[in-house]
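Worksheet: one structure, shown below.
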Amino acid sequence: MNLDQSKAQMRKGLLEFCILSVLAGGEAYPSGILERLKRSGLLVVEGTLYPLLTRLKNDGWLSYRWEESNAGPPRKYYRLTEEGHTALTELTAAWHTLVESINQTLASQQTTPTL
Amino acid sequence: MNKTFTINLGGIVFHIEEDAFDVLSQYLNAIKGHYTHAQGRDEILADIEARLAELLSTKVGKNRQALVLADIQEVIGLMGKPEDIFGGEPASDPAPTDQAEKIRRRVYRDPDDKVIGGVCSGIANYFDFDPLWIRLAFAVSFFAFGSGFLFYILLLIVIPEAKTASEKLEMRGERVDIHSIGKTVNEEMGRVKERVNSLAEEAKNSARRARPAARNLSEKVLNALYDVSYYTLRVGAKFFAAIFVVVGLALMVALMGSLFGFGGLIHISNNGISSSYSLKDVFLIFFNDEDKMALVGIGLFLLIGIPLLMLVYKGLRILFRIPVRNRAVSITASLLFLLGVAICLWMAIDLGAEFKTTGRQVQAEEIKTPKGGVLYIEAKNNGPIPDEEDDEDLQALDEKTLLQLGKWNLLRRDGKAIAYGNAQFDVLPSKTDSFELVIFRIASGATKKEATARANSIQYRFAQLDSVVQLDNYYETAYDQKWRNQKVKIRLRVPVGKAVFLSPSLKNILFDVENVSNTLDGDMMGRRWVMQSDGLHCMDCKGINTRSESSDWDDDEEESSKKSDQKKEKVL
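In order, the protein sequences belong to chains A and B. Under numbering that gives the first Met the number 0, the first residue of the first sequence carries the number 0, and numbering increases by one thereafter. Under numbering that gives the first Met the number 0, the first residue of the second sequence carries the number 0, and numbering increases by one thereafter.
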């Protein structure tokens, strides 16, 4: 496993969480979500998004509605469901715990503690 | 200049160049290959297609209408490779992923290794043979009445040439063997199973939700049934396609053989004698014009051959998954078939005209009344059909080759074709007080004159020796007169008070003789019959069980000619 792959794996694990947090700000269609994720450098290829959205929708965390577009095919606008909101809250809590513990792990491994 | 296709991507129509199209469809297929139905494949695919359409619609405008390879490569780069897309998802099953990367092999003609059209090398490639063997096999089959040649032409039409790079890739794709065929069948059966399972799941769920879902469920049942039968048919189709090809080819060889006079049409006569005739021999019985015969040959070839060719064509297409490139083949085939129908109809009408009128010649001969008052009638077997249970005769006949059309027989004697027919013998009361033998010679023709002349040319003999009248079993007609419904009817008029003895040798010609006891012909032979004012009475029938119901044999001329027509069709 090389470095690039490790980084990609790390990002992929967090992608679901990111999608949920993007959608917490209101409904959006895939291209919009993509814009936000790309800006933050979390997404490398667009295709990754679609299976994730479908899975989240099938799990009941997301719902969508169709909207006509004057440029191109009709768009799916996704938004969080009640379940999705609950899940996001839990995931956010989990994220903070995770960041804290990772930081602690990193700190304890440094040869000269910076205190 | 490049060829373009028109595609519908996410509901938007695009014009796309051929090479770009190949790359795009391979890309979408690869994505499809990663997922099974149950995991929402169709939905994901639709989403991806919609996004691709959105991206691509920015590429085309007023100045540029067609998508090129670079556009496709750019959006695929943006979208990511299938491995990247699904990398984060739990893999559905490693096997399909593996398979999607391999391109399934298809049969193509190989333009880089060809002698005539690259057919042999293409087939060899498909089955991993050395092309040399296929070429040899074809070279040999060219001698099977030219059917190998026809088959080659057919393959040349059916199998497309590998032109683009992707087609050449497909040509050398994953090997097709028993293993991979088995895999395909398993996959398709798997899909059926999946559909049934998901339906069972649905049923369980809807049962819980009760009524409102019922309609929904029935729709799903229908859909599932459709899917199940579709996949089953697809598996079955390959099987039937293989049968089509094999049967079609075999029939084609038989047709070519019989049309071009090499092979034989096996005909088994009533006597159980099998003889081999080519269709040409059969035509010769009806047509005396070489041009018409050639026309009939062409007509029949189109009428029977074109459907056979199409059978093989469709079979090959299903078997080797060859897509339809243009409809020219089917249209040409349909037109040729219609032409065949037209020619055959024309020839049938033309031939029908030869049967328009009937001519007859009547020959009445007075027979001296024998001293005892009993006239003995017997038949002389002058014809080609031997008496039964005479193996030696059967053997001899076999060599002469015999063809039967109803009561009409064709044989070769001393290299010359001769036609024979059974005479029909009847016994009727005489109006005078002496015996009289009347011979009717009957034939059809286009005009009355022609028909009468043809009837006159029929040869039929009889002889009287004291009290014995010997009738010929068969009449003979010159072969070049062709078959024109020739018949010979003999009527013996018996004066009241006189008797006849019907010899068993009459069995082939005795034809529905009226008598007061309604005795069947078979029971009338070997007995004496006396003519009285009300008809024939049996003189030696005491204690013999005779049938009382009237026989259903029909003396009507129309009827008997119909019968022989039916037999004629059977032979053809």
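C-beta: ideal position from N, C-alpha, C; glycine also. Everything numeric in this text was worked out from a predicted model, so none of it was measured.
**Message:** Would you say GLY40/A lies against chain B (beta-carbon separation less than 8 Å)?
**Reply:** Residue 40/A sits at position 41 when you count from the first residue of the first sequence. No - not a single Cβ of chain B is within 8 Å of the one on GLY40/A.
**Asked** Just by C-beta distance, which residues in the segment 49–74 of chain B are closer than 7 Å to chain A?
**Response** ALA49, ARG50, ALA52, GLU53 and SER56
**Message:** Counting C-beta neighbours from all protein chains within 10 Å, is the total for ASP46/B 16 or more, i.e. buried, or is it exposed?
**Reply:** Residue 46/B sits at position 47 when you count from the first residue of the second sequence. Looking at its Cβ environment, which holds 16 or more other Cβ atoms inside 10 Å, ASP46/B is buried.
**Prompt:** Mind pulling the chain A residues with CB within less than 9 Å of GLY39/B?
**Reply:** As a position in the second sequence, residue 39/B is number 40, starting the count at 1. Chain A residues near GLY39/B: PRO50, THR53, ARG54, LYS56 and ASN57.
**Request:** With DSSP as the reference, label THR231/B as helix, strand or coil.
**Result:** Here residue 231/B corresponds to residue number 232 of the second sequence, with the count starting at 1. DSSP places THR231/B in helix when its eight states are reduced to three.
**Asked** Counting only beta-carbon atoms, is ILE15/B nearer than 8 Å to chain A?
**Response** Mapped onto the second sequence, residue 15/B falls at position 16. Chain A contact via Cβ: absent.
**Asked** Should GLY444/B be labelled buried (16 or more other beta-carbon atoms within 10 Å of its own) or exposed?
**Response** Working through the second sequence from its first residue, we reach residue 444/B at position 445. It counts as buried.
**Asked** What residue from GLY525/B, GLN531/B, MET530/B and GLU289/B has the CA that sits closest to ASP539/B's CA?
**Response** The residue labelled residue 539/B in the question sits at position 540 within the second sequence. When only C-alpha atoms are compared, the closest one is GLY525/B.
**Asked** What did DSSP end up calling TRP482/B once you bin it into helix, strand or coil?
**Response** Within the second sequence, residue 482/B is the residue found at index 483, counting from 1. Coil at TRP482/B, not helix or strand.
**Prompt:** By how many angstroms is the C-alpha of ILE317/B removed from the C-alpha of LEU51/A?
**Reply:** The sequence position of residue 51/A within the first sequence is 52, counting from 1. The sequence position of residue 317/B within the second sequence is 318, counting from 1. Cα to Cα, LEU51/A sits roughly 37 Å from ILE317/B.
**Item:** Residue burial classification, ARG440/B (beta-carbon count within 10 angstroms, cutoff 16)
**Value:** On the second sequence, position 441 is the one that residue 440/B refers to. So ARG440/B counts as buried.
**Prompt:** Given LEU23/B, which residues of its chain have a CB within under 6 Å of its CB, disregarding the five upstream and five downstream residues?
**Reply:** By one-based count along the second sequence, residue 23/B stands at place 24. The answer, listed in chain order, is ILE71.
**Asked** In chain B, what lies closer than 7 Å to GLY46/A by C-beta?
**Response** One-based indexing of the first sequence puts residue 46/A at position 47. Neighbours of GLY46/A on chain B, chain order: ILE47, MET78, GLY79, ASP83 and ILE84.
**Asked** Hey, would you say LEU315/B sits closer than 8 Å to VAL244/B, going by beta carbons?
**Response** Translated into the one-based positions of the second sequence, residue 315/B becomes position 316. Translated into the one-based positions of the second sequence, residue 244/B becomes position 245. Taking 8 Å as the Cβ cut-off, LEU315/B and VAL244/B qualify as a contacting pair.
**Item:** Where GLU42/B meets chain A, residues with beta-carbon distance less than 7 Å
**Value:** The residue given as residue 42/B occupies position 43 in the second sequence. Correct list: THR53.
**Message:** Tell me which residues of the segment 3–31 of chain B have at least one Cβ-Cβ distance to chain A shorter than 7 Å, keeping chain order.
**Reply:** GLY9, GLY10 and ILE11
**Message:** Give me the DSSP bridge partner(s) of HIS33/B.
**Reply:** For this step, residue 33/B is matched to residue 34 along the second sequence. Looking at the DSSP assignment, HIS33/B forms no beta bridge with any residue, so it has no partner.
**Message:** Let me make sure I understand the geometry here. Which of THR357/B, GLU48/B and LEU221/B has the alpha-carbon closest to that of LEU198/B?
**Reply:** Counting from 1 along the second sequence, the entry for residue 198/B is found at position 199. Out of THR357/B, GLU48/B and LEU221/B, LEU221/B has the C-alpha closest to the C-alpha of LEU198/B.
**Message:** I need the straight-line Cα distance from ARG38/A to VAL44/A, nearest angstrom please.
**Reply:** One-based indexing of the first sequence puts residue 38/A at position 39. One-based indexing of the first sequence puts residue 44/A at position 45. Going from the Cα of ARG38/A to the Cα of VAL44/A covers about 13 Å.
**Message:** Whole angstroms are fine: how far does the CA of ALA23/A sit from the CA of THR80/A?
**Reply:** The residue labelled residue 80/A in the question sits at position 81 within the first sequence. The residue labelled residue 23/A in the question sits at position 24 within the first sequence. Going from the Cα of THR80/A to the Cα of ALA23/A covers about 10 Å.
**Message:** Let me see if you follow: with CB-CB separation under 8 Å, is THR96/A close to chain B or not?
**Reply:** Position 97 of the first sequence holds residue 96/A. With 8 Å as the cut-off, THR96/A does not count as an interface residue toward chain B.
**Request:** Taking only runs that begin and end inside the segment 306–335 of chain B, name each unbroken alpha helix (DSSP H) of 4 or more residues, in chain order.
**Result:** none
**Prompt:** Should PHE218/B go down as buried or exposed, given a rule of 16 or more other Cβ atoms within 10 Å for buried?
**Reply:** On the second sequence, position 219 is the one that residue 218/B refers to. Just to set this straight, residue 218/B is Glu in the shown sequence, not Phe. Under this definition GLU218/B is an exposed residue.
**Asked** Should SER62/A be flagged as near chain B, meaning a C-beta pair shorter than 8 Å?
**Response** Reading the first sequence from its first residue, position 63 is the one you call residue 62/A. It does not; no Cβ of chain B falls within 8 Å.
**Item:** Neighbour list for SER30/A in chain B, Cβ cutoff strictly below 8 Å
**Value:** In the first sequence, counting from the first residue as 1, residue 30/A sits at position 31. Result: ARG50 and GLU53.
**Item:** Contact set for VAL468/B: own chain, Cβ-Cβ below 8 Å, skip 5 residues either direction
**Value:** Reading the second sequence from its first residue, position 469 is the one you call residue 468/B. The residues are ILE366, LEU374, TYR375, ILE376, GLU377, LEU436, PHE461, ALA462 and LEU491.
**Asked** Looking at the structure shown, is ASN421/B part of a helix, part of a strand, or coil, going by DSSP?
**Response** Position 422 of the second sequence, counted from the start, is the residue given in the question as residue 421/B. ASN421/B: strand per DSSP, three-state reduction.
**Message:** On the DSSP letters alone, give me the boundaries of the alpha helix (DSSP H) that VAL98/A sits inside.
**Reply:** For the purposes of this step, residue 98/A is identified with residue 99 of the first sequence, where counting begins at 1. Counting along the chain, the alpha helix (DSSP H) containing VAL98/A begins and ends at 81–108.
**Option nearest TYR459/B by Cα separation, candidates SER466/B, THR446/B and TYR474/B** = Mapped onto the second sequence, residue 459/B falls at position 460. It is TYR474/B whose Cα lies nearest to the Cα of TYR459/B.
**Asked** Residue range of the beta strand (DSSP E) that LEU470/B falls in?
**Response** Here residue 470/B refers to the residue found at position 471 when the second sequence is read from its first residue. From DSSP, the beta strand (DSSP E) with LEU470/B extends over 467–471.
**Item:** Nearest-angstrom Cβ-Cβ length linking ARG485/B and ALA442/B, presumed shorter than 8 Å
**Value:** Here residue 485/B refers to the residue found at position 486 when the second sequence is read from its first residue. Here residue 442/B refers to the residue found at position 443 when the second sequence is read from its first residue. The sequence shown places Gln at residue 485/B, not Arg. With a Cβ gap of about 5 Å, GLN485/B and ALA442/B count as contacting.
**Prompt:** My guess is that LYS447/B and GLY358/B are in contact by the Cβ rule of under 8 Å, so how many angstroms apart are they, rounded?
**Reply:** Counting from 1 along the second sequence, the entry for residue 447/B is found at position 448. Counting from 1 along the second sequence, the entry for residue 358/B is found at position 359. Confirmed, about 6 Å.
**Message:** My assumption, with CB atoms under 8 Å, is that LEU501/B sits in contact with TRP528/B. Please give the rounded CB distance.
**Reply:** Counted from its first residue, the second sequence places residue 501/B at position 502. Counted from its first residue, the second sequence places residue 528/B at position 529. LEU501/B to TRP528/B, Cβ: 7 Å. Contact.
**Request:** Taking only the alpha-carbon atoms, compute the straight-line gap between THR5/B and GLY32/B and give it to the nearest angstrom.
**Result:** The sequence position of residue 5/B within the second sequence is 6, counting from 1. The sequence position of residue 32/B within the second sequence is 33, counting from 1. Cα to Cα, the separation comes out at about 24 Å.
**Request:** Using beta-carbon positions only, say whether ASP647/B and LEU509/B come within less than 8 Å of one another.
**Result:** Given that chain B is displayed from residue 0 to residue 571, the structure contains no residue 647/B and the question cannot be resolved.
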